[in-house]
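Undergrad: Residue numbers (the working numbering), protein chains in the order written: chain D, 1 to 216; chain V, 217 to 432; chain C, 433 to 648.
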Amino acid sequence: MTTSTALLFADLTGVAVFAASGASAAVAKRLDIFGVVFVGFVAALGGGIFRDLVIDEVPPLAFADWRYASTAAVTAAACFWLHPQLARLRTTVLVLDAAGLGLFTVTGTLKALDARVPPVGAIVIGMLTAIGGGLGRDLLTAEIPVVLRREIYAVAALVGAVGVTLLDAVGYARALPLTGAALLVFVLRLVALRRRWSAPVATLRPPTTGVRGPQG
Amino acid sequence: MTTSTALLFADLTGVAVFAASGASAAVAKRLDIFGVVFVGFVAALGGGIFRDLVIDEVPPLAFADWRYASTAAVTAAACFWLHPQLARLRTTVLVLDAAGLGLFTVTGTLKALDARVPPVGAIVIGMLTAIGGGLGRDLLTAEIPVVLRREIYAVAALVGAVGVTLLDAVGYARALPLTGAALLVFVLRLVALRRRWSAPVATLRPPTTGVRGPQG
Amino acid sequence: MTTSTALLFADLTGVAVFAASGASAAVAKRLDIFGVVFVGFVAALGGGIFRDLVIDEVPPLAFADWRYASTAAVTAAACFWLHPQLARLRTTVLVLDAAGLGLFTVTGTLKALDARVPPVGAIVIGMLTAIGGGLGRDLLTAEIPVVLRREIYAVAALVGAVGVTLLDAVGYARALPLTGAALLVFVLRLVALRRRWSAPVATLRPPTTGVRGPQG
Chain D
1 MTTSTALLFA DLTGVAVFAA SGASAAVAKR LDIFGVVFVG FVAALGGGIF
51 RDLVIDEVPP LAFADWRYAS TAAVTAAACF WLHPQLARLR TTVLVLDAAG
101 LGLFTVTGTL KALDARVPPV GAIVIGMLTA IGGGLGRDLL TAEIPVVLRR
151 EIYAVAALVG AVGVTLLDAV GYARALPLTG AALLVFVLRL VALRRRWSAP
201 VATLRPPTTG VRGPQG
Chain V
217 MTTSTALLFA DLTGVAVFAA SGASAAVAKR LDIFGVVFVG FVAALGGGIF
267 RDLVIDEVPP LAFADWRYAS TAAVTAAACF WLHPQLARLR TTVLVLDAAG
317 LGLFTVTGTL KALDARVPPV GAIVIGMLTA IGGGLGRDLL TAEIPVVLRR
367 EIYAVAALVG AVGVTLLDAV GYARALPLTG AALLVFVLRL VALRRRWSAP
417 VATLRPPTTG VRGPQG
Chain C
433 MTTSTALLFA DLTGVAVFAA SGASAAVAKR LDIFGVVFVG FVAALGGGIF
483 RDLVIDEVPP LAFADWRYAS TAAVTAAACF WLHPQLARLR TTVLVLDAAG
533 LGLFTVTGTL KALDARVPPV GAIVIGMLTA IGGGLGRDLL TAEIPVVLRR
583 EIYAVAALVG AVGVTLLDAV GYARALPLTG AALLVFVLRL VALRRRWSAP
633 VATLRPPTTG VRGPQG
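1. Which same chain residues end up closer than 8 Å to Leu128/D when comparing Cβ atoms and leaving out the 5 residues on each side of it in sequence?
2. What does Ile55/D touch in chain C if you count any residue whose Cβ is under 9 Å from its own?
3. Determine the chain V residues that contact Ile481/C at a beta-carbon separation under 7 Å, and present them in chain order.
4. Relative to the C-alpha of Ala78/D, which candidate in Val124/D, Leu113/D, Val106/D and Ala26/D has its C-alpha closest?
5. Taking beta-carbon pairs under 7 Å, can you tell me which members of the region 332-354 of chain V lie near chain D?
6. Any beta carbon of chain D sitting closer than 9 Å to that of Val471/C?
7. Which of helix, strand or coil does DSSP assign to Ile399/C?
8. Report the three-state DSSP secondary structure of Arg332/V (helix, strand or coil).
9. Looking only at C-alpha atoms, which of Val362/V, Thr381/V and Gly238/V sits nearest to Val290/V?
10. Would you tell me roughly how many angstroms separate the C-alpha atoms of Thr287/V and Leu228/V, rounded to the nearest one?
11. Have a look at Gly121/D, Ala154/D and Ile144/D and flag the residue whose alpha-carbon is nearest the alpha-carbon of Ala501/C.
12. Write down every uninterrupted run of the alpha helix (DSSP H) in the region 478-522 of chain C whose length is 4 residues or greater and which is fully enclosed by it, in chain order.
13. Using only alpha-carbon positions, find the residue among Arg189/D, Pro177/D and Glu143/D that is nearest to Ile152/D.
14. Should the region 153-168 of chain D be regarded as contacting the region 177-189 of chain D, the criterion being three or more beta carbon pairs within less than 8 Å?
15. Assuming Leu355/V and Leu571/C make a contact with CB atoms under 8 Å, what is their CB distance in whole Å?
16. Of all Cβ atoms in chain C, is any one closer than 9 Å to the Cβ of Ile144/D?
17. Is Leu148/D close to chain C, meaning its C-beta is less than 9 Å from at least one C-beta of that chain?
18. Return the chain-ordered list of same chain residues with a C-beta closer than 7 Å to the C-beta of Asp258/V, the five sequence neighbours on each side being excluded.
19. Would Phe296/V and Val233/V be called neighbours here (beta carbons separated by less than 9 Å)?
20. Please confirm whether Asp248/V has its beta-carbon closer than 9 Å to some beta-carbon of chain C.
21. Under the three-state reduction of DSSP, which class applies to Arg644/C: helix, strand or coil?
22. Confirm, please, whether the CB-CB distance from Glu57/D to Ala130/D is below 9 Å.
23. May I ask which residues mark the beginning and end of the alpha helix (DSSP H) holding Ala613/C?
24. Given Val106/D, which residues of its chain have a CB within under 7 Å of its CB, disregarding the five upstream and five downstream residues?
25. Kindly say whether Leu383/V, judged by its beta-carbon, lies nearer than 9 Å to any beta-carbon of chain C.
26. Out of Leu310/V, Val362/V and Ile360/V, which one is the CA nearest neighbour of Val407/V?
27. With a threshold of 9 Å between beta carbons, is Val401/V in contact with chain D?
28. Can you confirm whether Ala112/D, when its beta carbon is compared against all beta carbons of chain A, has any partner nearer than 9 Å?
29. For the alpha helix (DSSP H) that contains Leu158/D, what are its first and last residues?
30. Enumerate in chain order the residues of its own chain whose CB-to-CB distance from Arg212/D is below 8 Å, with the five nearest sequence positions on each side excluded.
31. For Ile576/C, name the three-state secondary structure that DSSP assigns.
32. For Ala501/C, go through chain D and note every residue whose CB falls closer than 9 Å to its CB, in chain order.
33. So, is Val255/V buried or exposed, given that buried needs 16 or more other C-beta atoms within 10 angstroms?
34. Measure the alpha-carbon distance for Val231/V versus Ala260/V and round it to whole angstroms.
35. Have a look at Ala460/C and Ile576/C and give me their C-alpha separation to the nearest angstrom.
36. Straight-line CA distance for Val99/D to Gly316/V?
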């Protein structure tokens, strides 16, 4: 398996996984089959479309390569029909979502670096690639975006993106260390889920809500 | 009237129609004149801006050709002043929205094919061009996006986009059959409205809400 | 100080100011440190990313120049730690937001004109650059977008963008008159805040809500 085949495989796996997470969220909101496929599509491909637009790879892969849209649509439709089984597999979905986060962080950061985006920009693009689809999914289904909740999610992607950029800087961006970076994001996210790790919240003086007080 | 004049005319008609739908939604939410024009602008031009970004036609037509922004702004402002009459014409607005859906599906798919996007991608871009503005309008006015509701909306656009792509594949993408494709979307949407056709929803086991149960 | 240094300085000041407005909104919503930085990032750089995409300056400055992302992230993080002081400085934040509106209107319109976008399009892009970040901030924190509320906000940016375009048309787009345009937006917004100026709202027949009446 060549490197580019491996990258494609990693990318399509991430697409399928995020399509499943989007479809599950849409089923839970009682959307119809088309709504489910649409939210699955946005969750799977939204981050990558944004990435391709900012690195000027147009048309974005999601439109240029039929395997992307097809993988997203078929997976989301499958989730629609199979969701009772999926519901029992809730843990599986969370694990798959963590895997997608790791895969997209690595492929997104790599593609940005390949397009000659400077390190800081590539890190931000890699992170946005990984969290963008979930952000779109949450906006569409009117949930508070997972990235804004008190959980280690975006920061896991951030750590992975920094890792890929460092590997690239020392000229060591080969298959094995990159897989390690993806695994790092994956494990970080899983541990955060299990231990309910969360980032600090600013302390607000009780019980006034600060900015929008009565004098607001 | 040449083909490109006809396309421009079809496009501007779609812009006016969607601007009216956006403005009506904004008036109903009691937004001020600028909010009404802004939502009208997003509804009319959002889908096309997205389309132009992904097919690398920059600056997007909405900014490159003053007739687009002007048509959207003038129509939306007119709806602000004339809305009591519009309210009585609710059916008219729905019919016009269906017409816009048909027009944007055809012009969006054609432009993507012209930009050498492969068939599957062109179909998705055509559909997103048609539904994108409405999606933006609904997100801005905090409505559940119409495309996610239990109605034949996105699927009408999808059918039209597939039709245009097939016509293009057999080298038959001329004015008459393309008008037929636009009419097909239009009629499909109207019939769905009248018969209250809707797509199936996944059956959830009562009354647990699946994914977010008490053990969530 | 050369013109381009001055433009960079104006741009980074706008970035810091909008990052602070986004971070303050996120703190008030009790988001964690990463959510605060993320909303700050979107508020500070969202409008500029959109502008760069439509004028085909890719990768957008927000990713191509590390000073942009860093300014946004550091400012937002600082607001997270310093917010109790900020809360007392609510007026300051509103004033800074008005200053950012003026700065982004001028730099956004200028960049669009430099990219050979025609006048009407450049005006719209300048306005969207200025209000885009705040729109993203409000969508993420589930607020009714400020641009849609009954306040002179987008219209202040619109006036400034028209001014810059006129100055450019008569070949008079130098530092001093451009600073005047930024000041005009700033003062217009401040006066609107103080006098509670607002744009007219369409009169709806009491108490029926028009479009979505019982027959809806």
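We put the beta carbon where it would ideally sit given N, CA and C, even for glycine.
TA: According to the structure data:
1. Position 128 of the first sequence, counted from the start, is the residue given in the question as residue 128/D. Counting only Cβ-Cβ distances below 8 Å, and skipping sequence neighbours, we find Gly47, Phe50, Arg51 and Gly108.
2. Reading the first sequence from its first residue, position 55 is the one you call residue 55/D. By Cβ distance, chain C contributes Val490, Pro491 and Phe495.
3. Within the third sequence, numbered from 1, the residue matching residue 481/C stands at position 49. Chain V residues near Ile481/C: none, gap ~11 Å exceeds 7 Å.
4. In the first sequence, the residue the question calls residue 78/D occupies position 78. The option with the nearest alpha carbon to Ala78/D is Ala26/D.
5. Val333, Pro334, Val336, Gly337, Val340 and Ile341
6. Walking along the third sequence from the start, residue 471/C turns up at place 39. Cβ-Cβ to chain D under 9 Å: yes for Val471/C.
7. Only positions 433 to 648 of chain C appear in the structure, and residue 399/C is not among them; the question remains open.
8. As a position in the second sequence, residue 332/V is number 116, starting the count at 1. Residue state, collapsed to three classes: coil.
9. The residue labelled residue 290/V in the question sits at position 74 within the second sequence. Taking only the C-alpha atoms, the option nearest Val290/V is Gly238/V.
10. The residue labelled residue 287/V in the question sits at position 71 within the second sequence. The residue labelled residue 228/V in the question sits at position 12 within the second sequence. Spanning the two alpha carbons is a distance of roughly 7 Å.
11. Counted from its first residue, the third sequence places residue 501/C at position 69. Ranking the options by Cα distance to Ala501/C, first place goes to Gly121/D.
12. 493-496 and 498-520
13. Taking the first residue of the first sequence as position 1, residue 152/D is located at position 152. Ranking the options by Cα distance to Ile152/D, first place goes to Arg189/D.
14. yes
15. As a position in the second sequence, residue 355/V is number 139, starting the count at 1. As a position in the third sequence, residue 571/C is number 139, starting the count at 1. Right, the Cβ-Cβ distance comes to about 7 Å (below 8 Å), so this counts as a contact.
16. Position 144 of the first sequence, counting from 1, holds the residue named residue 144/D. Closer than 9 Å to some Cβ of chain C, the Cβ of Ile144/D qualifies, so yes.
17. Translated into the one-based positions of the first sequence, residue 148/D becomes position 148. Yes, its Cβ sits closer than 9 Å to a Cβ of chain C.
18. Taking the second sequence and counting its residues from 1, one reaches residue 258/V at position 42. The displayed chain sequence assigns Val, not Asp, to residue 258/V. So the qualifying residues of the chain are Gly238, Gly349, Gly352, Arg353 and Leu356.
19. Against the second sequence, residue 296/V aligns to sequence position 80. Against the second sequence, residue 233/V aligns to sequence position 17. Going by C-beta atoms, Phe296/V is not nearer than 9 Å to Val233/V.
20. Here residue 248/V corresponds to residue number 32 of the second sequence, with the count starting at 1. Yes, its Cβ sits closer than 9 Å to a Cβ of chain C.
21. Locating residue 644/C in the third sequence gives position 212, where the first residue counts as 1. Confidence at Arg644/C is low in this model, with a pLDDT of 37, below 50, so the placement of that residue should be treated as unreliable; the coordinate-derived value is given next. DSSP places Arg644/C in helix when its eight states are reduced to three.
22. For this step, residue 130/D is matched to residue 130 along the first sequence. For this step, residue 57/D is matched to residue 57 along the first sequence. No; because the gap between Cβ atoms is not below 9 Å, this pair is not in contact.
23. Residue 613/C sits at position 181 when you count from the first residue of the third sequence. Taken as a continuous stretch (DSSP letters only), the alpha helix (DSSP H) holding Ala613/C covers Ala607 to Arg627.
24. Taking the first residue of the first sequence as position 1, residue 106/D is located at position 106. Cβ neighbours of Val106/D beyond the five flanking positions: Gly160, Val164, Leu178, Ala181 and Ala182.
25. The residue labelled residue 383/V in the question sits at position 167 within the second sequence. Not an interface residue.
26. For the purposes of this step, residue 407/V is identified with residue 191 of the second sequence, where counting begins at 1. Nearest of Leu310/V, Val362/V and Ile360/V to Val407/V, Cα basis: Leu310/V.
27. For the purposes of this step, residue 401/V is taken as residue 185 along the second sequence, with counting starting at 1. No, Val401/V does not count as interfacial toward chain D.
28. Protein chains in the displayed structure are D, V and C, and chain A is not among them.
29. Taking the first sequence and counting its residues from 1, one reaches residue 158/D at position 158. Residues Ala154 to Ala169.
30. Position 212 of the first sequence, counted from the first residue, corresponds to residue 212/D. For Arg212/D, the predicted model reports a pLDDT of 38, less than 50, meaning its position is unreliable; a value from the coordinates is still stated below. Once the five neighbours on either side are set aside, Arg212/D has no close Cβ partner at all.
31. Translated into positions along the third sequence, residue 576/C becomes position 144. Note: Ile576/C maps to coil in three-state DSSP.
32. Translated into the one-based positions of the third sequence, residue 501/C becomes position 69. Val120, Gly121, Ile123 and Val124, listed in chain order.
33. Here residue 255/V refers to the residue found at position 39 of the second sequence. With 16 or more Cβ atoms within 10 Å of its Cβ, Val255/V is classed as buried.
34. As a first step, residue 231/V is located in the second sequence; it is residue number 15 there, counting from the start. As a first step, residue 260/V is located in the second sequence; it is residue number 44 there, counting from the start. The alpha-carbon atoms of Val231/V and Ala260/V are separated by roughly 5 Å.
35. The sequence position of residue 460/C within the third sequence is 28, counting from 1. The sequence position of residue 576/C within the third sequence is 144, counting from 1. For Ala460/C and Ile576/C, the distance between alpha carbons rounds to 15 Å.
36. Here residue 99/D is taken as the residue at index 99 of the first sequence, counted from 1. Here residue 316/V is taken as the residue at index 100 of the second sequence, counted from 1. One point to set straight first is that residue 99/D is Ala, not Val, in the sequence displayed. Cα to Cα, Ala99/D sits roughly 41 Å from Gly316/V.
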